[in-house]
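Before any comments, here is the structure.
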């Protein structure tokens, strides 16, 4: 997601912030938040709120401190009025709702970042979104490599053979540098996966090559280590050539921060969210704060 789009969406979220009379607690109304999270139907969003309440309770946090059911009077087309259900939601409540959504959707990835960052600073939101994109890419690579391992195991190739196939692919993608040499180049310890230190672009490149290998191994029913190795080398070469056309050499990209270290830092921040978000008062008067 580019910076300009992030700024545009941030302004939309800021415009629907409310705060309690003493201005100590920020909150959002569910019906105003719903379209920003990509929901069209209240029933679906109501279910998402309910799931988030369950997550809140499981975490040992008092649900009523962060979720408050309220009613609003709305005017119908006929001029009559009726009551509808809504919720007051603290920043922590909004974060939990976003956490129960699909982070592959831009709206959800943004919301997870926006509500996790207390200051709402643009650069911190961008950083958090980049983390989500990288962890999602890492997860996809992990799954595609797991599938490749299963595919070749079913074709009589053992774990050592899988290691050799993957290493040959890396060597092709990284312009002749083996997996071990890339670890040395990027300062990665031998006992850690190289992919945990690669930037999102390189992780995505490795995943694309691996997915193509999986597809062709299954479609062509490739057998034996030599045939699968040749396929994986060819796919990594194609991906490398594609990057090269855009002036990118994977072996020259700088390492990213250890993804495990990032995950620990993010989890540590998340543990403080409920406390930092404050608590909804029993009685409230609210006022709109413009972003």
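Residue numbers (this note's numbering): 151 to 441.
Positions of the beta carbon are idealized from the N, C-alpha and C atoms, including for glycine.
Owing to the predicted nature of the structure, the values given are computational and were not obtained by experimental measurement.
Along the chain, where does the beta strand (DSSP E) that runs through residue i open and close?
| i | result |
| --- | --- |
| residue 219 | 217-225 |
| residue 176 | 176-179 |
I need the boundaries of the alpha helix (DSSP H) containing residue i, first residue and last residue.
| i | result |
| --- | --- |
| residue 234 | Note, residue 234: premise wrong, no alpha helix (DSSP H); beta strand (DSSP E) at 231-240. |
| residue 194 | 192-208 |
| residue 293 | 272-303 |
| residue 356 | 350-369 |
| residue 314 | 309-323 |
| residue 257 | 256-266 |
| residue 335 | 329-336 |
| residue 426 | 423-427 |
Excluding the 5 residues preceding and the 5 following residue i in the sequence, name in chain order all residues of the same chain whose CB lies nearer than 7 Å to its CB.
| i | result |
| --- | --- |
| residue 441 | Per-residue confidence for residue 441 stands at a pLDDT of 40, beneath the threshold of 50, marking its modelled position as unreliable; no derived number is given. |
| residue 317 | 328 and 329 |
Can you tell me whether DSSP reads residue i as helix, strand or coil?
| i | result |
| --- | --- |
| residue 373 | coil |
| residue 189 | coil |
| residue 406 | coil |
| residue 156 | helix |
| residue 342 | coil |
| residue 417 | helix |
| residue 389 | helix |
| residue 412 | helix |
| residue 430 | coil |
Compare the C-beta of residue i against all C-beta atoms of chain C and say whether one is closer than 8 Å.
| i | result |
| --- | --- |
| residue 165 | Included in the structure is just one protein chain, with no chain C present. |
Skipping 5 residues on each side, what residues in its chain have a beta carbon closer than 6 Å to that of residue i?
| i | result |
| --- | --- |
| residue 357 | 290, 291 and 294 |
| residue 382 | 315, 319 and 363 |
| residue 259 | 253, 279 and 282 |
| residue 184 | 195 |
* **the stretch 367-380 contacting the stretch 241-250, beta-carbon criterion three pairs below 8 Å** => Of all C-beta pairs linking the stretch 367-380 to the stretch 241-250, fewer than three are shorter than 8 Å, placing the two stretches out of contact.
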